[in-house]
Amino acid sequence: MQSIAEGSNSLANQRSSVDEVDDLVTYALNGDFVAFDKIVGLYKERLYSVIYNMTFNHEDAADLTQDTFVKAFRSLSKFKRKSTFFTWLYRIGVNMTLTHLKKKRARKFFSFDQILSGEISNKEIASLSSKETSSVKKTLLNELHEKLNEALSKLSDKHRTIVVLFEIDGLSHKEIASIMKCTEGTVRSRLHYAKLQLQSLLGEYIHN
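First residue of the sequence shown? That's 12 in the working numbering, and the numbers climb one at a time after it.
In C-alpha cells, the structure reads:
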C-alpha cells in the first residue's frame, strides 16, 4: 500500500512536471524554439505510439506525429491553459489522425494483443506467447490476432479511438473526454458499446 508520504511525493512530482511544461510553453510562445524542442522530446514517443495504434502504419504515424507538433507550434497562441498541454496536444493528434483515416478507408488496423479485461486473461495470452508455445497454439494466436484486427475494423473511428486511448495508452475517462470534446458519460458509453461489439464479434474466442 502506498504511504501518505509516497503519495505526496507522487503528486508533487506530477505538479512539478506540469509546471515545467507550462514554463516551456511560455518560452515557446515567446519564440524559443529550444523550449518547444524540449516539449517534443517529452511527448513525441507517447504521441507516436497512440497514432500508430490508430493507423498501424509506421510511416503514417511518423508523418502524423510530426504534423501534430507543427500544427501545435503554429497554434500555441490558441492554447488557453483550460486543460493540460498534454491533453491539448493529444486532441490535435487524435483529430488529425481521424481525418487521415477518413481519407484512407482501405487501411489496416493495429494488432491488439492485450485482450480487453474480462474477455481473455493476460496469463492465457502469455502462455500462448511463451517460447515453449506449440505450433498449434502459435497458429491459434495468429488466428486470434487476425480476428481482433477484423473485429476492430468494424468499429467506427471514434469507438476505436476511445479503445486505443483507454486500453492501450491508459488515459482516464476525463482525459479522453477532454481530447474527444465530449462528456465522460459519452466516453463510458462508447467504450461499453465498443466492448460489447468486440465481445459479440469474438464470442467463440472469448468463451473457449
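Using N, Cα and C, we set each Cβ at its ideal position, and we do this for glycine too. Quick caveat, the model's predicted, so the values are computed rather than measured.
- In chain order, Asp168 place their CB closer than 6 Å to the CB of Leu109, counting only its own chain and leaving out the 5 sequence neighbours on each side.
- Its chain contains Leu182 and Ile187 as the residues whose beta carbon lies nearer than 6 Å to that of Leu176, once the 5 sequence neighbours on both sides are disregarded; these appear in chain order.
- Ile190: member of the alpha helix (DSSP H) spanning His184 to Met191, first to last residue.
- Here DSSP, grouped into helix, strand and coil, assigns Leu213 to coil.
- Distance between Met191 and Glu178, taken at the CA atoms: about 16 Å.
- Minimum Cα-Cα distance from Asp78 among the listed residues Leu100, Phe67 and Phe96 corresponds to Leu100.
- Look at Asp180 here: in three-state DSSP terms it is coil, with no helix or strand label.
- Minimum Cα-Cα distance from Ala83 among the listed residues Phe67, Glu56 and Met107 corresponds to Met107.
- When the alpha-carbon of Gly104 is set against those of Leu213, Asn64, Arg92 and Ser88, the nearest one is in Asn64.
- Burial state of Ser88 is exposed, judged by a 10 Å Cβ sphere holding fewer than 16 other Cβ atoms.
- Looking from the CA of Ser200, the closest CA among Val36, Ala72 and Ile173 belongs to Ile173.
- Taking 8 Å as the cut-off, the Cβ atoms of Thr76 and Tyr59 count as close.
- Between Lys49 and Leu35, the alpha-carbon positions lie close to 8 Å from each other.
- Of the residues assessed, Ser211 falls on the exposed side of the cut-off, its CB having fewer than 16 other CB atoms within 10 angstroms.
- In this structure, the straight-line span from the alpha carbon of Ser94 to that of Thr194 is close to 14 Å.
- When only Cα atoms are considered, Ala162 and Arg92 end up about 38 Å apart.
- Taking a C-beta distance under 8 Å as the contact criterion, Thr66 and Ala73 do not qualify as a contact pair.
- Per DSSP, the continuous alpha helix (DSSP H) segment holding Thr108 begins and ends at Phe96 to Lys114.
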